[in-house]
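One structure below.
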Amino acid sequence: MARFIQFQKMAGAGNDFILLDNRDGSIPLTKNLITILCDRHNGIGADGVLIVELPVNSSSDFKMRYFNRDGSEAEMCGNGARCFAKFASSLLPSVPEKISFDTLAGTIQAKLLPSGEVELAMSQPHSLDGPFQLHLSEIILEAWFLNTGVPHVLTFVEDLLSVPVQEWGSAIRYHQRFAPAGTNANFIQQLEPSKIFIRTYERGVEAETLACGTGATAAALIYSLKYNIPSPISVLVKSGDVLTIRFSQTSSPTSPFSDVSLAGPAKVTFTGEFLIPDNLVQ
């Protein structure tokens, strides 16, 4: 029998998400349901779905699961995690200043700022590689790789608005160098010594999005490494919002950053009910 589920729609710097409370495990988290929910014509419409579950670790408040628009589950989403922190905190008896939650990328600490923004203590970046030459069909890009919870390839350009993000991003996302998991692709332009502009092609969405928190984090860190720019670094995303990345530098050649944080907006756009079709109710 068909049933209604309660949802909240939120936006984080241009990324939009559907938030669901599934602590009782009653929502059938199938690929078909996720894709229907994210469908902008026949569903609610979103870049992804964030699920609140019971924590894995006794020291955490919740567990976060993140599903891309295509139904695939990802380890982490920076903009989504900020929205998750604000939504999950509202489920507690009183709204706390800080909240922690488990993800596939590790336990995340979040702080709800008086401004309404949310600051995340990000998981330790890893798998740094670059610079290296990346051969696409007709061009060669100088690129870096860094995992900030999910994998990111980063390359610098002179005129970001002229970059064919869909074409280049797709080619990088499916490049054999990053098979079989694939990667997100980011293009970066310097605006000021401590400010950059970024556009991102997201794996799982398979298109350019208005923002990507883990991509902005990776971009700021690689920019700092390439040009020796200290923390903090401001990152302008396509939506027009600005994310702030803070970090400490270490002497490790393979993991030169620690204490990485990401701060930015997370706002509720609307709430409602969604009718799960009969064939998706288990």
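Residue numbering for the sequence shown follows numbering that gives the first Met the number 0, beginning at 0 and increasing consecutively. Positions of the beta carbon are idealized from the N, C-alpha and C atoms, including for glycine. Nothing here was measured: the structure is a model prediction, and the numbers come from that model.
Cross-strand partners of residue i (DSSP beta bridge)
i, result
"Q5", "E272"
"A10", "D15 and K266"
"D20", "V51"
Residue nearest to residue i in terms of C-alpha spacing, selected from the options
i, options, result
"I244", "I221, I98, G271 and A10", "I221"
"G284", "H151, F196, G271 and F273", "This structure gives no information on residue 284, because the portion of the chain shown stretches from 0 to 281."
"S247", "G239, V156, P229 and S233", "P229"
"S58", "N78, I43, P124 and T106", "T106"
"D28", "S71, P124, A262 and I98", "Just to set this straight, residue 28 is Leu in the shown sequence, not Asp. Per the Cα distances, S71."
"A217", "V241, N278, N146 and Q165", "N146"
"D23", "G42, I139, G13 and P54", "P54"
"L224", "D240, S254 and L90", "S254"
"F61", "S88, G79 and A45", "S88"
"D20", "S114, G13 and Q7", "Q7"
"L111", "N278, S260, F269 and P276", "S260"
"G127", "V94, A142 and Q5", "Note on identity: in this sequence residue 127 is Leu, with Gly being the wrong assignment. Checked all of V94, A142 and Q5; the closest Cα to L127 is A142."
"Q189", "Y200, V117, Y173 and A219", "A219"
"D240", "S136, N78 and G42", "N78"
"S114", "A45, N278, E96 and L90", "E96"
"S300", "P231, K266 and F269", "The structure shown does not extend to residue 300, since the chain is modelled only from 0 to 281, so the question has no answer here."
Residue i Cβ short of 7 angstroms to the ligand PLP heavy atom set
i, result
"A73", "Only the bare structure without any ligand can be found here, which leaves the ligand PLP out of the picture."
Residue-chain proximity (residue i, chain B), Cβ-Cβ < 8 angstroms
i, result
"S58", "Checking the listed chains, one finds no chain B in this structure; it contains a single protein chain."
Supposed close pair residue i, residue j - CB separation, criterion 8 angstroms
i, j, result
"R292", "T182", "Residue 292 lies beyond the residue range present for the chain, which begins at 0 and ends at 281; the question has no answer from this structure."
"G11", "G263", "7 angstroms"
"L18", "F83", "7 angstroms"
"V234", "I195", "6 angstroms"
"I26", "F66", "Not really, about 11 angstroms apart at Cβ, beyond 8 angstroms."
"F86", "F273", "Wrong, their Cβ atoms sit about 16 angstroms apart, outside the cutoff."
"V204", "R81", "Actually they are not in contact, since the Cβ atoms of V204 and R81 sit about 18 angstroms apart, beyond 8 angstroms."
"S238", "G13", "3 angstroms"
"M75", "G148", "3 angstroms"
"Q132", "I138", "That belief does not hold up - the Cβ atoms of Q132 and I138 are roughly 10 angstroms apart, past 8 angstroms."
**Message:** Assess contact between the segment 207-217 and the segment 174-182, defined as three or more Cβ pairs (one per stretch) separated by less than 8 angstroms. Is contact present?
**Reply:** The segment 207-217 is not in contact with the segment 174-182.
**Minimum length 3: unbroken beta strand (DSSP E) runs contained in the segment 44-119** = Fully enclosed beta strand (DSSP E) runs of 3 or longer: 47-52, 61-67, 97-102 and 105-111.
**Request:** Mind listing, in chain order, the continuous alpha helix (DSSP H) runs of no fewer than 4 residues lying wholly within the segment 125-198?
**Result:** Contiguous alpha helix (DSSP H) elements confined to the segment 125-198 occur at 164-172, taking only those with 4 or more residues.
**Message:** Check whether the segment 93-106 and the segment 23-37 are in contact - that is, three or more C-beta pairs closer than 8 angstroms.
**Reply:** Too few Cβ pairs lie closer than 8 angstroms, so no.
**Prompt:** Which ranges does the beta strand (DSSP E) cover as unbroken runs of at least 3 residues, wholly within the segment 205-271, from first to last along the chain?
**Reply:** The segment 205-271 is shown to contain whole beta strand (DSSP E) runs of 3 or more residues at 206-208, 232-235, 241-248 and 256-263, in chain order.
**Request:** Decide if the segment 183-197 is in contact with the segment 39-52; the criterion is three or more beta carbon pairs, one per stretch, under 8 angstroms apart.
**Result:** Taking one beta carbon from each stretch, the segment 183-197 and the segment 39-52 have fewer than 3 pairs nearer than 8 angstroms; the two do not touch.
**Prompt:** Three or more beta-carbon pairs under 8 angstroms between the segment 117-124 and the segment 158-170, yes or no?
**Reply:** With a cut-off of 8 angstroms, the segment 158-170 and the segment 117-124 do not count as touching, because too few Cβ pairs lie within range.
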